[in-house]
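Quick note on the working numbering: the sequence shown kicks off at 8 and runs consecutively.
Each remark here refers to the structure printed beneath this line.
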Amino acid sequence: NEVQASKALLDHVDVHPDHVFRMAASDGPHGSDPEVAAATYAQILGSRSGGEHTPEFDIHLLGMGGEGHINSLFPHTDAVREQHRYVVAVEDSPKPPPVRITLTLPAVRRAQHVWLLVSGANKAEAVAAAVGGADSDDVPSAGAVGSESTVWFLDTAAASGLDKQ
């Protein structure tokens with residue numbers, strides 16, 4: 008994901024490297040111990056936050072899976088239910104790799120602006136549920152809310168389940 012984000016966006020904008028919080032890859036440092044990797048990443052965030060547990064992000068840009076997952080927050084998992092920690096280990100992800108770390112909903116909510124970029128008819132039902140106020144345990148993207156704004160960027164297919172009112 009980091010390589011894709013860099014090629015598609017970060018390599019083309021003037022952003023200071025200290026303002027980008029890169030996660031280590033699952034095959035990188037601490038890759039064999041996700042709990043240590045999560046704690047290490049949480050420390051990195053904390054060190055850049057002026058004493059807070061995690062910084063307030065300017066923007067959190069998210070994609071969404073067909074069942075409504077964001078980051079590595081899948082429906083009905085401990086990670087999506089986490090209420091206090093900002094970074095957690097995921098050891099049974101339904102998508103490869105099975106072992107990884109993720110930002111939690113409390114971390115996402117530390118963003119001033121949350122942008123969700125979603126395309127495809129296979130995501131229309133989850134988009135409609137999230138926008139309609141579904142429980143984040145069922146549709147994790149429903150819990151992705153910025154402190155100032157939340158914007159859904161949808162193609163026609165992804166928006167097809169929304170009311171046209």
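We put the CB at the ideal spot given by N, CA and C, even for glycine.
Residue S126 holds the alpha-carbon nearest to the alpha-carbon of G168 among S126, R116 and T111. In this structure V97 is buried. Its beta-carbon is surrounded by 16 or more other beta-carbon atoms within 10 angstroms. Within the same chain, and ignoring the five residues on either side of A86 in sequence, the residues whose Cβ sits closer than 7 Å to its Cβ are S79, L80, V95, V97, T109 and T111. DSSP places T47 inside the alpha helix (DSSP H), whose first and last residues are P41 to S54.
In this model, A128 and G72 are separated by some 11 Å (Cα to Cα). When rounded, the separation of the alpha-carbon atoms in V22 and A12 is 13 Å. Setting aside the 5 residues that flank it on each side, S143 is surrounded in the same chain by V87, L112, A149 and G150, each with a C-beta closer than 7 Å to its C-beta; the list follows chain order. The beta carbons of F64 and A118 sit closer together than 7 Å. About 5 Å separates the CB atoms of A136 and V146; that is less than 8 Å, so the two are in contact.
According to DSSP, R107 shares a beta bridge with V97.
At the C-beta level, G75 and V121 stay beyond 7 Å of one another. The criterion of a C-beta distance shorter than 7 Å is satisfied by V106 and P41. Assignment of beta-bridge partners to T157 by DSSP yields V121. By the Cβ-count criterion, A15 is exposed, with fewer than 16 other Cβ atoms from all chains shown falling within 10 Å of its own Cβ. L69 is positioned such that its CB atom lies closer than 7 Å to that of L123.
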